[in-house]
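Written out below as structure tokens is the structure these notes cover.
In the UniProt record's numbering, the protein residues as written are 1 to 275.
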């Protein structure tokens, strides 16, 4: 295992070639840890510099990453090699959620999805998730399965910089040729065009996470919810869940109160006893 403060050009290029990556997030005091697989890496994911990544988040049946991000901003991205050279790459990030309709959305959306024609077909994108990378981890990935050798492209699998003890393989700029993008999501939204259909779906599916954390703000507004009130309730629940901190705080209040009220009398008794 190796740790780095940022993405090297080699690791960045390798990550951008992988056909799938995973996002991990969790609420501060919730029981579930969410892991989501993501495809369309070539068109939905971008690396802007050694410490900034972003991907477009399309409307789906849940909004766990968004809800967890609003709760604490923690995000991990995981990339793995399915080719001859094993590797696991993790990007530990602070997450920023930029929803469609936010002032910064168009700018970030256009930067991630560079193809204008592709942007015109992505009406269902609900947010751009920006990750500010604060640490990078690589590890061997020896137990991760690989695609059968005979299925790989002639150039071999995407390899890149190797972990200690690994054999260096030739790098294939095209990545793994055995994968193809699944068209199901595109087909689904083509049958339901228009902002109204998307908003109705988001109200139905994206108001809150499975753990009850506030979800997509656009959906909450459309459903008539007060954003500041639901966020305040979530903050109160989060504070009340800090039981150890609340107990410690109560004990400190009692201690300082006793010090102020009884301290002078106690010091007077000590002084009299010494005299």
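Glycine residues also receive a C-beta, built at the ideal position from the N, C-alpha and C atoms.
Kindly indicate if chain B contains any beta-carbon less than 8 Å away from that of residue i.
i: residue 122; result: Although the question refers to chain B, the structure presented lacks it and comprises just one protein chain.
Is the separation between the beta-carbon of residue i and that of residue j shorter than 8 Å?
i: residue 99; j: residue 217; result: yes
i: residue 92; j: residue 135; result: yes
i: residue 23; j: residue 89; result: no
i: residue 132; j: residue 52; result: yes
i: residue 280; j: residue 223; result: Because residue 280 is not part of the residues shown, which for the chain are 1 to 275, the question remains open.
i: residue 40; j: residue 181; result: yes
i: residue 234; j: residue 210; result: no
i: residue 73; j: residue 94; result: yes
i: residue 208; j: residue 29; result: no
i: residue 109; j: residue 116; result: no
i: residue 20; j: residue 37; result: yes
i: residue 123; j: residue 189; result: yes
i: residue 34; j: residue 42; result: no
Short of 6 Å in beta carbon distance, which residues of its chain neighbour residue i, apart from the five on each side in sequence? Order them along the chain.
i: residue 44; result: 55, 56
i: residue 206; result: 63, 215, 216, 219
i: residue 125; result: 56, 58
i: residue 78; result: 22, 90
i: residue 7; result: 50, 136
i: residue 87; result: 81, 141
i: residue 12; result: 47
i: residue 2; result: 138
i: residue 239; result: none
With DSSP run on the structure shown, which of helix, strand or coil describes residue i?
i: residue 36; result: strand
i: residue 142; result: coil
i: residue 21; result: strand
i: residue 232; result: helix
i: residue 45; result: strand
i: residue 238; result: helix
i: residue 190; result: helix
i: residue 7; result: coil
i: residue 258; result: helix
i: residue 171; result: Because residue 171 sits at a pLDDT of 48, beneath the cut-off of 50, its placement in the model cannot be relied upon, and the point is left open.
i: residue 243; result: helix
i: residue 159; result: Note that residue 159 has pLDDT 43, beneath the 50 cutoff, so the model's placement of it is unreliable and the number below is only indicative. Reduced to three states, the DSSP call for residue 159 is coil.
i: residue 13; result: helix
Identify every residue that forms a DSSP beta bridge with residue i.
i: residue 26; result: 33
i: residue 299; result: This structure leaves residue 299 out entirely; the chain is present only between 1 and 275.
i: residue 182; result: Answer is none; residue 182 lacks a bridge partner.
i: residue 2; result: 138
i: residue 149; result: Answer is none; residue 149 lacks a bridge partner.
i: residue 58; result: 125
Using a Cβ-Cβ cutoff of less than 7 Å, which residues in the same chain neighbour residue i once the five nearest sequence positions on both sides are dropped?
i: residue 97; result: 66, 69, 70, 127, 129
i: residue 167; result: Here the model assigns residue 167 a pLDDT of 47, short of 50, so the residue's position is not dependable and the matter cannot be decided.
i: residue 101; result: 218
Just to confirm my understanding: we take residue i, look at its own chain, exclude 5 residues before and 5 after, and list those with CB closer than 8 Å. What are they?
i: residue 112; result: 44, 45, 46, 54, 55, 56, 128
i: residue 231; result: 70, 214
With a floor of 3 residues, list each beta strand (DSSP E) that falls wholly inside the stretch 64-139, ordered by position along the chain.
You should have 74-80, 88-99, 125-139.
List in chain order: all unbroken alpha helix (DSSP H) runs of 4+ residues lying wholly within the stretch 199-227.
217-222
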